[in-house]
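J.: Residue numbers (the numbering used here): 19 to 420. We treat Cβ as the ideally placed atom computed from N, Cα and C, and that holds for glycine.
1) Could you please give me the residues that DSSP links to residue 364 through a beta bridge?
2) Measure the C-alpha to C-alpha separation of residue 376 and residue 318 and round it to an integer number of angstroms.
3) Can you check which of these residues, 273, 184, 385 and 192, is closest to residue 217 by C-alpha distance?
4) Once you ignore the five residues that flank residue 305 on each side, which residues in its own chain have a CB closer than 6 angstroms to its CB?
5) Between the alpha carbons of residue 125 and residue 322, how many angstroms are there, rounded?
6) State the beta-bridge partners of residue 392 as determined by DSSP.
7) By the DSSP assignment, the alpha helix (DSSP H) with residue 119 in it spans what residues?
8) Out of 106, 380 and 370, which has the shortest C-alpha to C-alpha gap to residue 258?
9) What's the C-alpha gap between residue 227 and residue 404?
10) Comparing alpha-carbon positions, which option in 162, 133 and 137 lies nearest residue 300?
11) Which residue wins for smallest C-alpha separation from residue 209, given the options 174, 186, 198 and 407?
12) Where does residue 334 land, buried or exposed, given buried means 16+ other C-beta within 10 angstroms?
13) Helix or strand or just coil, what does DSSP make of residue 339?
14) How many angstroms separate the CA atom of residue 16 from the CA atom of residue 251?
15) Does the Cβ-Cβ distance between residue 234 and residue 298 come in under 9 angstroms?
16) Go to residue 168, then tell me how far its beta strand (DSSP E) extends in each direction, as first and last residue.
17) Mind the definition here: the region 408-416 touches the region 372-388 only if three or more C-beta pairs lie below 8 angstroms; say whether that holds.
18) With respect to the alpha helix (DSSP H) encompassing residue 301, which residues constitute its N-terminal and C-terminal limits?
19) Quick check on DSSP: helix, strand or coil for residue 202?
20) Can you tell me which of the three DSSP states residue 256 falls into?
21) Need the endpoints of the alpha helix (DSSP H) that residue 377 sits in, please.
22) How would you call residue 360, buried or exposed, if buried means at least 16 neighbouring beta carbons within 10 angstroms?
23) Between which residues of its own chain and residue 229 is the CB-CB distance below 6 angstroms, once the five residues before and five after are set aside?
24) Residue range of the alpha helix (DSSP H) that residue 144 falls in?
25) My output table needs one value for residue 409: the three-state DSSP class, helix, strand or coil.
26) Under a Cβ-count criterion, where at least 16 other Cβ atoms within 10 Å of its own Cβ denotes burial, should residue 273 be classed as buried or exposed?
27) Please classify residue 276 as buried or exposed, where buried requires at least 16 other C-beta atoms within 10 Å of its C-beta.
28) Between residue 395 and residue 179, is the Cβ-Cβ spacing less than 9 angstroms?
29) Determine whether the beta carbon atoms of residue 201 and residue 417 lie at a separation below 9 angstroms.
30) Applying the criterion that 16 or more other CB atoms from any shown protein chain within 10 Å of the CB defines a buried residue, is residue 331 buried or exposed?
31) Put residue 106 into one of helix, strand or coil per three-state DSSP.
32) For residue 108, count neighbouring Cβ atoms within 10 angstroms of its own Cβ and tell me buried if that reaches 16, exposed if not.
33) Buried or exposed: residue 119, going by 16 or more other Cβ atoms within 10 Å of its Cβ?
34) Could you check whether residue 292 and residue 347 sit closer than 9 angstroms to each other, using their CB atoms as the reference points?
35) When we look at the beta-carbon of residue 351 and count the other beta-carbons within 10 Å, is it buried (16 or more) or exposed?
36) Can you tell me whether DSSP reads residue 331 as helix, strand or coil?
Shown next, in the form of structure tokens:
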């Protein structure tokens, strides 16, 4: 059994707010010049700029010696799982529901023991469709054979909350390989859950206190079982989903479940870029044992009075490349833009903005732009929403809700 993909780790510092630059005397009225030196924010630094660490979100667990798929053992005497099931007519998130309910029980048992709130099953189809593709095409990875990462699939399937995926997969065993069949799908669920809980990163995702739901994917035949746990929050509802139209980036919605934006209405908004996805080969996928966001290309700032200026409109990102990235994305010395929004809403119930990102689009062009929105949950900074926008490209319709 191979485990992939712990939940994503986010780190964020507050976005600069328009205050006088330290060490500059306060003027009664700001000087109305194109760039008044007495009307600046603190200069963004590595300590106060919202740049996530993009820590690799993966633990690779080697096949255990007692794996039924790793030793030539006699077939069990009880009836093995069927090779196929007639489930195509069932909505993906409802397929293998008995096994999913059992995995949810195991997840909630672990969460209860850890003293964190219980969660419920979600109805996002991405996890199920992904593991079915993995079983059919003889691969397993966070990345799909269509080149999509978990957060992209999740968005295409209608999701827009914070989210992160755990995965457990087999080795594409064939009957001719001489291995014993699975004892049962339920046994496969138990075995996967034990492996995930034995991994600190995966366990951290399972026990994350701000998760609200889990979308479970389960696909199996006589010899293989593929499982995905795609956890999500439940902190926003959009009136207008994030969109890019004619160079303008906008969204609006309502917060829920205790989200606040701090005393200064300090909403954090960041934009990441991935190149246009393309079909991956089995060799490509074999090296993708992790997934990360793409390049952080923009962070958004609140509007300030006319005649005032922020001290800089650029920031630098410099962090390790994502292991096994099939697109070869370089994360070193990335220049990003601070974009001052034209409108900004962040109060106790509502959030949203409008901003001109035409310069960002000129620099990066077509691809997948993913928004992360930060807020405060129980006084702690956390991602409350993630959503991927396919700009200038047509995404696969595999995950579109029907």
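T.: Walking through what the data contain:
1) Translated into positions along the chain shown, residue 364 becomes position 346. Paired residues: 369.
2) Along the chain shown, one-based indexing puts residue 376 at 358. Along the chain shown, one-based indexing puts residue 318 at 300. Cα to Cα, residue 376 sits roughly 14 angstroms from residue 318.
3) As a working note, residue 217 is residue 199 in the chain shown. It is 184 whose Cα lies nearest to the Cα of residue 217.
4) Along the chain shown, one-based indexing puts residue 305 at 287. Contacts found: 342.
5) To locate residue 125, count along the chain shown from 1; it is residue 107. To locate residue 322, count along the chain shown from 1; it is residue 304. Answer to the nearest angstrom: the Cα atoms are 46 angstroms apart.
6) Here residue 392 corresponds to residue number 374 of the chain shown, with the count starting at 1. DSSP, once it has assigned bridges, lists 286 and 401 as partnering residue 392.
7) For the purposes of this step, residue 119 is taken as the residue at position 101 of the chain shown. Segment 115-132, the alpha helix (DSSP H) holding residue 119.
8) Mapped onto the chain shown, residue 258 falls at position 240. For the residues 106, 380 and 370, the minimum Cα distance to residue 258 belongs to 370.
9) For the purposes of this step, residue 227 is taken as residue 209 along the chain shown, with counting starting at 1. For the purposes of this step, residue 404 is taken as residue 386 along the chain shown, with counting starting at 1. Their backbone Cα atoms lie some 18 angstroms apart in a straight line.
10) As a position in the chain shown, residue 300 is number 282, starting the count at 1. Closest by alpha carbon: 162.
11) Here residue 209 corresponds to residue number 191 of the chain shown, with the count starting at 1. Among 174, 186, 198 and 407, the Cα nearest to that of residue 209 belongs to 186.
12) Numbered from 1 along the chain shown, position 316 holds the residue referred to as residue 334. Classification for residue 334: exposed.
13) Sequence index remark: in the chain shown, residue 339 carries index 321 (1-based). DSSP places residue 339 in coil when its eight states are reduced to three.
14) Residue 16 lies beyond the stretch modelled for the chain, which goes from 19 to 420, so this question has no answer here.
15) As a first step, residue 234 must be located in the chain shown, where it is residue number 216. As a first step, residue 298 must be located in the chain shown, where it is residue number 280. Not closer than 9 angstroms, so no.
16) Counting from 1 along the chain shown, the entry for residue 168 is found at position 150. Per DSSP, residue 168 belongs to no beta strand (DSSP E); it is in the alpha helix (DSSP H), 168-174.
17) yes
18) As a first step, residue 301 must be located in the chain shown, where it is residue number 283. It spans 300-304 - the alpha helix (DSSP H) in which residue 301 sits, taken as one unbroken run.
19) Looking up residue 202 in the chain shown gives position 184. Collapsing the DSSP output to three states places residue 202 in coil.
20) Residue numbering aside, residue 256 sits at position 238 when the chain shown is read from its first letter. Residue 256: strand per DSSP, three-state reduction.
21) Taking the chain shown and counting its residues from 1, one reaches residue 377 at position 359. Element bounds for residue 377: 376-382.
22) Within the chain shown, residue 360 is the residue found at index 342, counting from 1. Exposed.
23) The residue labelled residue 229 in the question sits at position 211 within the chain shown. Apart from sequence neighbours up to five positions away, the residues of its chain that approach residue 229 with a beta-carbon distance below 6 angstroms are 137 and 249, ordered along the chain.
24) Translated into positions along the chain shown, residue 144 becomes position 126. 144-155 is the extent of the alpha helix (DSSP H) around residue 144.
25) Position 391 of the chain shown, counted from the first residue, corresponds to residue 409. Here residue 409 sits in strand by DSSP.
26) Residue numbering aside, residue 273 sits at position 255 when the chain shown is read from its first letter. Buried, by the Cβ-count rule.
27) Counting from one through the chain shown, the residue named residue 276 turns up at place 258. Its Cβ having fewer than 16 others within 10 Å, residue 276 is exposed.
28) Counted from its first residue, the chain shown places residue 395 at position 377. Counted from its first residue, the chain shown places residue 179 at position 161. No, Cβ-Cβ distance for residue 395 and residue 179 is not below 9 angstroms.
29) For the purposes of this step, residue 201 is identified with residue 183 of the chain shown, where counting begins at 1. For the purposes of this step, residue 417 is identified with residue 399 of the chain shown, where counting begins at 1. Note that the C-beta distance between residue 201 and residue 417 is not below 9 angstroms.
30) The residue given as residue 331 occupies position 313 in the chain shown. By the neighbour-count rule (16 or more Cβ atoms within 10 Å), residue 331 is not buried but exposed.
31) Taking the chain shown and counting its residues from 1, one reaches residue 106 at position 88. Secondary structure at residue 106: coil, using DSSP grouped into helix, strand and coil.
32) In the chain shown, residue 108 corresponds to position 90, counting from 1. That one is exposed.
33) Taking the chain shown and counting its residues from 1, the one referred to as residue 119 is at position 101. Exposed, because fewer than 16 other Cβ atoms sit within 10 Å of the Cβ of residue 119.
34) In the chain shown, the residue the question calls residue 347 occupies position 329. In the chain shown, the residue the question calls residue 292 occupies position 274. In this structure, residue 292 lies closer than 9 angstroms to residue 347 by Cβ.
35) To locate residue 351, count along the chain shown from 1; it is residue 333. That one is exposed.
36) Working through the chain shown from its first residue, we reach residue 331 at position 313. Reduced to three states, the DSSP call for residue 331 is coil.
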